[in-house]
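Below is one structure, written out as structure tokens; comments come after it.
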Amino acid sequence: VNRLSGASYAFEVAASGAVQINAAVYLDGIIPAARYENDNTEAANRALREFLRITEIAPWQDRGYVELTNFADIPLNLRHVRFLDGIAFDFTAAATSVILPGEQLLLVEDAEEFANRHDLSRMIVAGEYLGNLRGGGESIELAAPINDTIVQFEFDGSDWFPLLDDENPERTFSLTPVNPRDSAELSHRTAWRLSLRAGGSPGYLDEAPAGWNAVVINEVIAAGSNDTVELYNRGDVTVDLSGWWLSDDQHYLRGWQIPAGTLIPAQGFAVFDQANGLRFGISSRGETLHLTAADDGGLLGYGDSVRLGCSEFLNQSHGRVTADEAWARGSDGLVSLQRLSEPTLNAPNDHAVDAPVVITEWMDQPAFGQFPFVEFENTSNRDVGVYLRFATRAYSVDRLPAHQIMLLTPATEAEFRRVYSVPVGVTFVQIDVPITELIDVWSRVEGATCSVNESLFTDDDSWWAEAVGGASWERVGPDYGWAQNPANWRLTDKLGGTPGVSPRIPGDVNGDGQFNSSDLVLLFQIGEYEDSIARNSIYSEGDWNGDGDFDTADLVLAFQLGFGPYDE
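If you're matching positions, the sequence shown starts at 450 in this note's numbering and goes up one per residue.
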């Protein structure tokens, strides 16, 4: 019988002849661990690995706790089970070292403080752990008796979830796995969510309302007279948004409350703008936005936070692009929205478009006699200014002509050209800092100076370390994707790379390296050639001169510059 819930468990025993049944009654609901002695067998360890799970972590000062759950249909003996990392605790000396089926055991940082805040009549506290858990950068390891890891992971709650704030009583949410039975991916942010309510749910599994974590900030328009936010429901059920909050301030999430009665259907949209009640403005120079669930009881533990960059043009839209979303999430938990080819409110987002200036090739480990470099391309049909921020200094370029290339290198232009065959017209910038210190790139178009989110060197930089001994990384076309996504890069075959030569070939929309009839078939299937719809085309749809449209001028450019031959 479960000591808290009163639930009983029945099982059949096959027997022949007379059977003697012995029963025992234990006072205070405590079952001696000896009754479940398992002699540290591999079978017992396997049961612990398969069914014992960490189902909640509260990383709060003096109020922290860790919750364990038994998902087996038999009791588990925890004698000699211990925490080796993050906190220190050995169940051998615990108040109880048996966990029944479906039961939760709690380890707490401060038993007295915990008792002052919670009703212990429905909880089982096994004891106090040594050490402390905090929201930022923690490692956890729970080990079985014979030095076998049960669960091991790292978590960074305060960075993963901007909503989490240990010092704000309204935002002391706990961390709980999205799938409590699965321990495989617990080092990843996507494996976790916040508890439904502040204060957590110690002693029982936290249950979130159906579909509530599927609503995201999907598209934002900040440059214009009517700032707009679009939400998208990625789930399969309608979600009631009544009382939820939108804000542009992480420290004050109650910026504007969504009106009562607002429903967002499955796979549907909800759009809010200043003309219809949105009570705060969104900066066209870049902004962070936060969506927070709420009910009559206050803020709830679900939120979506996004970052949008500067808007170079009027009514420029920023939105989620599915192919790059995993790589667009920063270490601070915010998803960076990308420039969209056009606003698509109340509809699926269109393609992302290039920033005015993008990194198209780079090499930081040259072969003997070569030079490292970073190659930039102005993908627009306007001249732009470029500002390059490194860790220790910055460089500024007043003018990079439309569709031209710029090279950053520690070499002089003359030295570089002696080693590489670089076309005429390429702009050179000599730098005296390592290219790996590049932090951010800003472009200046029509008076607006904007970050273009083209920093290469992120928290996860393992992929680019493959370029050694003179190999370079080249951006994959025809549409340059998110810079931090490894899928948008390839190692060049040529030693030293191809600095000064754009990876994109005008007319090559299928990415086979040449402009031919196959590309024309694809283009005319898309159907945007001189369609009288302004600025509705991107590079892979025929806009090779960067003016936003597919027309005769683009075909002329392709026949002039497209590698070919076009002879089919």
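Ideal Cβ positions, reconstructed from N, Cα and C, are used throughout, including at glycine.
With a 10 Å radius around its C-beta and 16 neighbouring C-beta atoms as the bar for buried, classify residue i as buried or exposed.
i            : result
residue 803  : buried
residue 874  : exposed
residue 571  : exposed
residue 1001 : exposed
residue 569  : exposed
residue 528  : buried
residue 701  : exposed
residue 477  : Caution applies to residue 477, whose pLDDT of 41 falls short of 50 and renders its modelled position unreliable; the model cannot decide the point.
residue 999  : buried
residue 1004 : buried
residue 961  : exposed
residue 479  : Only weak support is given to the placement of residue 479: the predicted model assigns it a pLDDT of 40, under 50, and the value that follows is read from those uncertain coordinates. Looking at its Cβ environment, which holds fewer than 16 other Cβ atoms inside 10 Å, residue 479 is exposed.
residue 989  : buried
residue 991  : buried
residue 655  : buried
residue 973  : exposed
residue 540  : buried
residue 966  : exposed
residue 495  : exposed
residue 486  : With a pLDDT of 48 at residue 486, under the threshold of 50, the predicted position of this residue should be treated as unreliable, though the coordinate-derived value follows. The residue is exposed, with fewer than 16 neighbouring Cβ atoms inside 10 Å.
residue 1007 : buried
residue 890  : buried
residue 637  : exposed
residue 813  : buried
residue 979  : exposed
residue 586  : exposed
residue 632  : buried
residue 860  : buried
Taking the beta strand (DSSP E) that residue i falls in, what are its first and last residues?
i           : result
residue 922 : 922–924
residue 507 : 501–507
residue 667 : 664–670
residue 519 : 514–519
residue 722 : 718–722
residue 441 : Only positions 450 to 1017 of the chain appear in the structure, and residue 441 is not among them; the question remains open.
residue 738 : 736–744
residue 754 : 747–757
residue 532 : 531–534
residue 807 : 806–812
residue 677 : 677–682
residue 661 : Element bounds for residue 661: n/a, residue is neither H nor E.
residue 694 : 694–696
Please state if the CB of residue j and the CB of residue i are separated by a distance shorter than 8 Å.
i           : j           : result
residue 786 : residue 894 : no
residue 592 : residue 635 : no
residue 948 : residue 856 : yes
residue 531 : residue 538 : yes
residue 553 : residue 497 : no
residue 511 : residue 558 : yes
residue 922 : residue 811 : yes
residue 790 : residue 937 : no
residue 506 : residue 623 : yes
residue 649 : residue 555 : no
residue 796 : residue 788 : no
residue 548 : residue 525 : yes
residue 837 : residue 876 : no
residue 886 : residue 854 : no
residue 688 : residue 660 : yes
residue 621 : residue 509 : yes
residue 834 : residue 763 : no
residue 759 : residue 845 : no
residue 723 : residue 675 : yes
residue 993 : residue 946 : no
residue 692 : residue 815 : no
residue 535 : residue 589 : yes
I want to see whether chain D comes within less than 8 Å of residue i, judged by CB atoms only; does it?
i           : result
residue 667 : Chain labels in this structure do not include chain D; a single protein chain is all it has.
Taking the continuous alpha helix (DSSP H) assigned at residue i, which residues delimit it?
i            : result
residue 1005 : 1001–1010
residue 868  : 862–868
residue 560  : 560–566
* Contiguous alpha helix (DSSP H) assignments of at least 4 residues, all confined to the region 934–991 -> 966–975
* Asked: So does the region 747–766 actually touch the region 631–645, counting three or more Cβ pairs closer than 8 Å?
  -> yes
* Asked: Residue ranges of each beta strand (DSSP E) run of no fewer than 3 residues wholly in the region 574–640, ordered along the chain?
  -> 574–577, 587–592, 598–604, 624–626
* Asked: Contact between the region 714–729 and the region 677–690: three or more CB pairs below 8 Å?
  -> yes
* Can you list, in chain order, the stretches of the alpha helix (DSSP H) that have 4 or more residues and sit fully within the region 821–899? -> List check, alpha helix (DSSP H) in window: 862–868.
* Please determine if the region 752–767 and the region 735–742 are in contact, where contact requires at least 3 C-beta pairs separated by less than 8 Å. => The region 752–767 is in contact with the region 735–742.
* To do: Taking 8 Å as the threshold, find out whether the region 807–822 comes into contact with the region 849–868 through three or more Cβ pairs.
  => yes
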